[in-house]
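For the sequence shown, counting from 1, position 121 maps to 120 in numbering that gives the first Met the number 0; every step adds exactly one. We treat Cβ as the ideally placed atom computed from N, Cα and C, and that holds for glycine. Take a look at the structure below.
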Amino acid sequence: MDRTAFDAYITAIEGTVGPPAIVGTLAAKAAAESAFQVAEGASHTFVTGLADFTTNALVQGRAQYPEGTADREVIDAIPTAPASQPPGQAVITNAASPSPGEAEFDYTALHGTSFDIYRQGPGQPAFVKVPAT
């Protein structure tokens with residue numbers, strides 16, 4: 000969509016004088032808005048395709064430069080994966096004691112992928128990491 004077509008759509012939506020409800024027809028507004036939405040969707044599709052192309056080009060281009068060279072360092076500094084979300088605060092969702100001296104916990108955290116569990120027993124001076132089971 001070029002500038003002239005865009006201006007024509009805006010004029011059809013808003014009219015040339017006065018509020019949009021007075022100038023321009025509803026059919027013209029609907030047609031212009033629909034055409035604009037189609038063009039906007041095509042633009043988003045194109046941008047997504049460019050992002051995929053760029054990521055794939057970086058992955059392939061990386062192999063052309065030996066590790067440790069200045070060129071490779073520049074290419075390696077460009078991220079090819081979306082930034083990961085930091086995990087949220089961990090929450091204990093269930094705590095139970097099935098028998099004396101035992102405790103079971105269920106826990107979760109938004110965007111959490113792994114957890115480190117620490118335990119401090121009675122009379123112990125510090126927390127100790129619990130081995131993964």
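Proximal residues to residue i (C-beta, below 7 Å), its chain only, five neighbours per side dropped
{"i": "Y106", "result": "A89, V90, I91, T92 and F114"}
{"i": "R118", "result": "F126, V127 and V129"}
{"i": "Y8", "result": "A31, A34 and F35"}
Rounded straight-line distance, which links the Cα of residue j to that of residue i
{"i": "S83", "j": "A108", "result": "14 Å"}
{"i": "F5", "j": "A31", "result": "9 Å"}
{"i": "T79", "j": "R2", "result": "33 Å"}
{"i": "L49", "j": "A29", "result": "30 Å"}
{"i": "P81", "j": "P65", "result": "25 Å"}
{"i": "E167", "j": "F45", "result": "Outside the displayed range of the chain (0 to 132) lies residue 167, so it cannot be described from this structure."}
{"i": "G100", "j": "P86", "result": "31 Å"}
{"i": "R71", "j": "L57", "result": "11 Å"}
{"i": "F35", "j": "T10", "result": "12 Å"}
{"i": "G67", "j": "S96", "result": "54 Å"}
{"i": "D51", "j": "A131", "result": "38 Å"}
{"i": "G17", "j": "T47", "result": "Note that G17 scores 48 on pLDDT, short of 50, meaning its location in the model is unreliable; the coordinates nonetheless yield the value given after this. So the two alpha carbons sit approximately 38 Å from each other."}
{"i": "P121", "j": "T54", "result": "53 Å"}
6 Å Cβ shell around residue i - same chain, five flanking residues per side excluded
{"i": "I116", "result": "V129"}
{"i": "A94", "result": "F104"}
{"i": "A102", "result": "S96"}
Beta-carbon proximity list for residue i, same chain, < 8 Å, skipping 5 on both sides
{"i": "G111", "result": "P86, G87 and A89"}
- Query: What beta strand (DSSP E) runs, 3 residues minimum, are completely inside the segment 60 to 103?
  - Reply: When DSSP assignments are scanned along the segment 60 to 103, the uninterrupted stretches of beta strand (DSSP E) that are 3 or more residues long and fall wholly within it turn out to be 90 to 95.
- Would you check if the segment 71 to 78 and the segment 45 to 61 touch, i.e. whether three or more CB-CB distances between them fall below 8 Å? The segment 45 to 61 is in contact with the segment 71 to 78.
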